[in-house]
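K.L.:
The structure is given below, and queries will be raised subsequently.
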Amino acid sequence: MQRLLLDLTAALYLLAGAGFIFYLLVRNDTSRAPAWVLLCGFSCHTAALAVYFLREGYPAVTTLREALLLKSWLMVAGYLLIQTRYRVAVLGCIVAPLAFLMALPAIASGMGSAGLPPGLKTFWLPVHVTLAFLGNALFALAFAVSTIYLLQEYYLKRKKIVSLMKRVPPLEALDRLNYVLLVWGFPFMTLGILTGSIWAGSRWGDYWSWDPRQISSALVWLFYGAILHGRVTAGLRGRKAALLTVVGFAVVLGYFLWGDAIFFSRHAGRFE
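Under the numbering used here, think of the first position of the sequence shown as 70, with each following residue one higher.
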């Protein structure tokens with residue numbers, strides 16, 4: 070059952086991504102169809118994660134591929150909520166393919182591991198993981214908004230009228246949405262770091278051990294904090310804010326994918 074749900078998730082996300090790209094290329098508004106396909110994919114995704122949780126008794130975070138699957142679920146959930154308020158269907162061109170790519174490792178290799186060590190089966194696991202991953206998901210959406218902003222600005226500066234421009238909100242609206250996503254993502258990341266430190270203190274006896282994952286999280290937290298500080302106090306807006314947001318998410322994703330292969334960490338999140 071879980072395998073079938075994952076296969077359906079992948080197929081529907083891929084189909085939704087193609088549908089959103091088609092929406093950019095035609096004159097008629099065809100955004101409803103890929104939006105419904107994405108929602109169906111999200112439903113299958115939700116069911117697959119629920120099956121895992123009911124079987125294992127804890128969230129799907131014990132391997133890199135499972136963590137990516139959970140992050141992609143949160144990202145799609147955030148997009149669907151944003152779409153109900155801001156009507157930015159064009160973001161689906163980035164969100165749907167990105168969700169497909171993030172879910173692909175779990176779909177290709179399956180879910181499940183040797184199990185979670187008993188010491189990690191605590192209240193803090195779902196709390197810490199949910200808060201941290203929510204922050205990352207919101208930063209992923211801010212990345213998508215920033216990418217669309219940079220593309221829109223590129224064509225406007227060169228006075229090129231393309232179909233993309235007809236589907237994208239004004240630059241000011243995109244900049245504002247980017248700010249809103251960062252404002253929401255930063256507190257979730259902060260709470261994720263705090264709960265992780267409390268959990269580390271209860272499990273290993275120290276709240277801060279200069280672990281590579283702790284250091285990287287702190288640096289990313291400072292980076293996003295600096296962006297928000299610049300937006301509030303120094304008038305950081307537009308292209309510079311969008312570029313910094315893209316860089317920030319690239320660092321987050323890069324370390325998440327390859328950091329544990331480069332630096333030893335007791336908090337690698339892999340228990341096979």
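The C-beta atom is built at its ideal place from N, Cα and C for all residues, glycine as well.
Keep in mind that this is a model prediction, so the values were computed, not measured.
Alpha carbon to alpha carbon, what distance is there between Gly304 and His298?
P.N.:
The residue given as residue 298 occupies position 229 in the sequence shown. The residue given as residue 304 occupies position 235 in the sequence shown. Computed Cα separation, rounded: 9 Å.
K.L.:
Should Tyr178 go down as buried or exposed, given a rule of 16 or more other Cβ atoms within 10 Å for buried?
P.N.:
Start at 1 with the first residue of the sequence shown, and residue 178 comes out as number 109. Going by the sequence as given, residue 178 is Ser instead of Tyr. By the 10 Å Cβ count, Ser178 comes out exposed.
K.L.:
Where do the N-terminal and C-terminal ends of the alpha helix (DSSP H) with Arg306 fall, by residue?
P.N.:
Taking the first residue of the sequence shown as 1, we reach residue 306 at position 237. Neither: Arg306 is in no alpha helix (DSSP H) and is coded neither H nor E.
K.L.:
Enumerated in chain order, which unbroken segments of the alpha helix (DSSP H) with a length of 4 residues or greater are wholly contained in the segment 200-285?
P.N.:
Complete alpha helix (DSSP H) runs here, min 4: 232-236 and 240-273.
K.L.:
Under 8 Å, do Val214 and Leu160 count as touching if we go by C-beta distance?
P.N.:
Taking the sequence shown and counting its residues from 1, the one referred to as residue 214 is at position 145. Taking the sequence shown and counting its residues from 1, the one referred to as residue 160 is at position 91. Cβ distance < 8 Å, so Val214 and Leu160 count as in contact.
K.L.:
Could you pull out every unbroken beta strand (DSSP E) segment of at least 3 residues lying fully inside the segment 133-199, listed in chain order?
P.N.:
Complete beta strand (DSSP E) runs here, min 3: none at all.
K.L.:
If you measure between the beta carbons of Phe257 and Leu203, is that distance less than 8 Å?
P.N.:
In the sequence shown, the residue the question calls residue 257 occupies position 188. In the sequence shown, the residue the question calls residue 203 occupies position 134. In contact: Phe257 and Leu203 (Cβ atoms closer than 8 Å).
K.L.:
In the structure shown, what three-state DSSP assignment does Asp98 receive?
P.N.:
Here the question's residue 98 lines up with position 29 in the sequence shown. Asp98: coil per DSSP, three-state reduction.
K.L.:
Determine the closest residue to Tyr92 out of Leu118, Val157, Leu149 and Ser141, with distance taken between C-alpha atoms.
P.N.:
Taking the sequence shown and counting its residues from 1, the one referred to as residue 92 is at position 23. Comparing Cα-Cα distances from Tyr92 to each of Leu118, Val157, Leu149 and Ser141, the minimum goes to Val157.
K.L.:
Cα separation between Glu341 and Ala175?
P.N.:
Numbered from 1 along the sequence shown, position 272 holds the residue referred to as residue 341. Numbered from 1 along the sequence shown, position 106 holds the residue referred to as residue 175. Because Glu341 carries a pLDDT of 39, less than 50, the predicted location of this residue cannot be relied on, and the following value inherits that uncertainty. Straight-line Cα distance between these residues: approximately 14 Å.
K.L.:
Taking 8 Å as the threshold (C-beta atoms), are Glu241 and Arg308 in contact?
P.N.:
Along the sequence shown, read from residue 1 onward, the residue named residue 308 stands at position 239. Along the sequence shown, read from residue 1 onward, the residue named residue 241 stands at position 172. No, Cβ-Cβ distance for Arg308 and Glu241 is not below 8 Å.
K.L.:
Grouping DSSP H, G and I as helix and E and B as strand, with all else coil, what is Ala129?
P.N.:
What you label residue 129 is simply residue 60 of the sequence shown in a count that begins at 1. In the structure shown, Ala129 sits in coil (DSSP, three-state: anything other than H, G, I, E or B).
K.L.:
Applying the criterion that 16 or more other CB atoms from any shown protein chain within 10 Å of the CB defines a buried residue, is Thr153 buried or exposed?
P.N.:
Position 84 of the sequence shown, counting from 1, holds the residue named residue 153. The residue is exposed, with fewer than 16 neighbouring Cβ atoms inside 10 Å.
K.L.:
Do three or more CB pairs link the segment 97-106 to the segment 115-122 at distances below 8 Å?
P.N.:
With the cut-off at 8 Å, the segment 97-106 and the segment 115-122 do not touch.
K.L.:
I'd like the list of long-range same chain contacts for Gly372, defined as Cβ closer than 6 Å, with 5 residues on each side in sequence excluded.
P.N.:
Any answer about residue 372 is impossible in this case: the structure gives the chain only from 70 up to 341.
K.L.:
Rounded to a whole number of angstroms, what is the C-alpha to C-alpha distance between Ala79 and Thr314?
P.N.:
What you label residue 79 is simply residue 10 of the sequence shown in a count that begins at 1. What you label residue 314 is simply residue 245 of the sequence shown in a count that begins at 1. The straight-line gap from Cα to Cα measures roughly 27 Å.
K.L.:
Compute the Euclidean distance between the alpha carbons of Ser278 and Val196, then round it to the nearest angstrom.
P.N.:
On the sequence shown, position 209 is the one that residue 278 refers to. On the sequence shown, position 127 is the one that residue 196 refers to. Answer to the nearest angstrom: the Cα atoms are 21 Å apart.
K.L.:
Taking just the CA atoms, how far does Ala211 sit from Leu246?
P.N.:
Counted from its first residue, the sequence shown places residue 246 at position 177. Counted from its first residue, the sequence shown places residue 211 at position 142. Between Leu246 and Ala211, the C-alpha separation is close to 8 Å.
K.L.:
Taking 8 Å as the threshold (C-beta atoms), are Tyr127 and Lys190 in contact?
P.N.:
Stepping through the sequence shown from its first residue, residue 190 is reached at position 121. Stepping through the sequence shown from its first residue, residue 127 is reached at position 58. For Lys190 and Tyr127, yes; Cβs fall inside 8 Å.
K.L.:
Using C-beta distances below 6 Å, list every residue in its chain close to Arg339, excluding the 5 sequence neighbours before and after it, in chain order.
P.N.:
Walking along the sequence shown from the start, residue 339 turns up at place 270. Reliability of the predicted coordinates at Arg339 is poor, the pLDDT of 46 falling under 50, and the value obtained from them is presented with this limitation in mind. If we look at Arg339 and ignore the five residues flanking it on each side, its Cβ neighbours are Thr132.
K.L.:
Can you tell me whether Leu137 sits near the ligand NAP, meaning its C-beta is under 7 Å from at least one heavy atom of the ligand?
P.N.:
Absence of the ligand NAP from the depicted structure is noted, as is the absence of any ligand whatsoever, leaving it without description.
K.L.:
Leaving aside the five residues before and after Cys109 along the sequence, list all residues of the same chain whose C-beta is less than 6 Å from its C-beta, in chain order.
P.N.:
Reading the sequence shown from its first residue, position 40 is the one you call residue 109. Correct list, in chain order: Leu81.
K.L.:
In chain order, what residues of the same chain lie with their CB nearer than 8 Å to the CB of Asp98, ignoring the 5 residues before and after it?
P.N.:
In the sequence shown, the residue the question calls residue 98 occupies position 29. Hits under 8 Å: Tyr92.
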